[in-house]
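S.K.:
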Amino acid sequence: MVKIPPLSTFAGTWTLLNQTTIINGTLSDMINGTGDKPIGRIIYTATGYMSANIMTSNHTQRPPNLRYPSNAASESDADWALVGKHTLAYAGPFYVNETGWEEEGKGQLIHGPLTVANVPSWYVALSSFLELPFSKFAGYGERKGRGSADADRVGTEQQRNYTLLENGTLLHFHLENANNGGTVGDLWWRKVDGNVSP
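So in this note's numbering the end of the sequence shown lands on 200, straight run, no missing numbers.
(1) Which ranges would you report for the beta strand (DSSP E) in the region 34-108 if only whole runs of at least 3 residues count?
(2) Where K39 and R192 are concerned, what is the direct C-alpha to C-alpha distance, given to the nearest angstrom?
(3) Would you check if the region 61-71 and the region 92-102 touch, i.e. whether three or more CB-CB distances between them fall below 8 Å?
(4) Measure from the alpha carbon of Q110 to the alpha carbon of each residue in I41, L177, D195, N20, then state which is nearest.
(5) Can you tell me the Cβ-Cβ gap for G94 and H113, rounded? I've got them flagged as a contact below 8 Å.
(6) Quick one: what does DSSP say L9 is sitting in, helix, strand or coil?
(7) Quick check: the Cα distance between Q21 and S30, rounded to an integer number of angstroms?
(8) Please go through the same chain and pick out, in chain order, the residues whose beta-carbon is closer than 6 Å to the beta-carbon of Q160, but skip the five residues on each side of it.
(9) Might you give, ordered along the chain, the residues of its own chain that have their beta carbon closer than 6 Å to the beta carbon of S53, omitting 5 neighbours on each side?
(10) With 16 other CB atoms within 10 Å as the buried threshold, where does S129 fall?
(11) Which residues mark the beginning and the end of the beta strand (DSSP E) in which T17 is found?
(12) Using a Cβ-based criterion (distance less than 7 Å to any ligand heavy atom), does I24 qualify as near the ligand FAD?
(13) In whole angstroms, what is the alpha-carbon distance linking E106 and K5?
(14) Exposed or buried, T49, counting other C-beta atoms within 10 Å across all chains shown (16 or more means buried)?
(15) Which one of G37, E77, L166 has the shortest CA to CA distance from T58?
(16) Tell me which same chain residues have a C-beta within less than 8 Å of the C-beta of T15, skipping the five on either side of it?
(17) Based on Cα-Cα distance, which residue from T23, V118, K108, R162 lies nearest to N169?
(18) Ignoring anything shorter than 4 residues or poking outside the region 162-197, list the alpha helix (DSSP H) runs there in chain order.
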C-alpha cells in the first residue's frame with residue numbers, strides 16, 4: 003500500500019504554467035473563462051489551508067482604469083463584470099482524499115469546504131443551497147456541500163486529481179466535468195522557490 007503524502011508535500015507557492023481545456027473533444031480558448039493565456043498562483047500551507055487565484059492576461063478583458071474600491075462615477079459595472087468573468091479566486095481548507103490512492107505521486111486533493119469563492123455557486127447562501135438540485139454542484143469532480151463558513155452560508159468542495167512530478171516541484175491537475183459538455187481540463191503548476199517570476 004502506498005503511503006498517503008502529508009499536507010506539507012504541497013506546502014508552498016505554485017505558479018500556473020499552462021491551462022488546457024477541451025470541451026466536447028474540441029480545444030477551447032476559454033474565452034468565457036480565464037482566457038488562452040491565464041496567469042495564476044495557488045498557495046498551500048502545511049496546516050491544511052489553500053488559496054487559488056487565476057485570471058486572464060488579456061488586456062482587453064482587464065480595463066486599466068479600474069481601481070479598488072470602485073468609483074461608480076468613473077467606472078462602469080460592465081467593466082467590473084468583465085474582470086469578474088475572467089477571474090477565478092477561492093480559498094479554504096484542503097485535504098488529501100484517502101480513498102483510491104494507490105500510486106506514488108498520484109492522488110486526489112479536495113479544496114474545501116470553501117470559505118471564500120468569487121463563483122457564487124461554489125459558496126452560496128444555505129437557503130439557496132437547500133433549494134438547488136444536487137446536480138448544480140456536480141462538475142470538475144464531485145462537489146459536496148459539506149461544512150459551512152458561517153451560520154447562513156455553505157462552501158462546496160472542489161476535487162482535483164493530481165500528479166506530482168520532478169521531485170515534487172511540478173504539479174499537474176486533471177479535471178473532468180461530465181455535466182458541462184464533457185469538459186476536460188489540465189493545469190500545470192511549478193513550485194516557486196525564492197523569487198517569484200511570472
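We put the beta carbon where it would ideally sit given N, CA and C, even for glycine.
M.R.: The short version:
(1) The region 34-108 contains these whole beta strand (DSSP E) runs: 41-46, 51-57, 89-98.
(2) 16 Å
(3) Verdict: no, contact absent.
(4) L177
(5) 6 Å
(6) In the structure shown, L9 sits in a helix (DSSP, three-state: H, G or I).
(7) 10 Å
(8) H113, G114
(9) I45, A93
(10) Residue placement at S129 is flagged as unreliable, the pLDDT there being 49, under the threshold of 50; a coordinate-derived value is accordingly withheld.
(11) 14-25
(12) The ligand FAD is not among the ligands present in this structure, which contains no ligands whatsoever.
(13) 8 Å
(14) exposed
(15) G37
(16) R43, I44, I45, K193, V194, V198
(17) K108
(18) none
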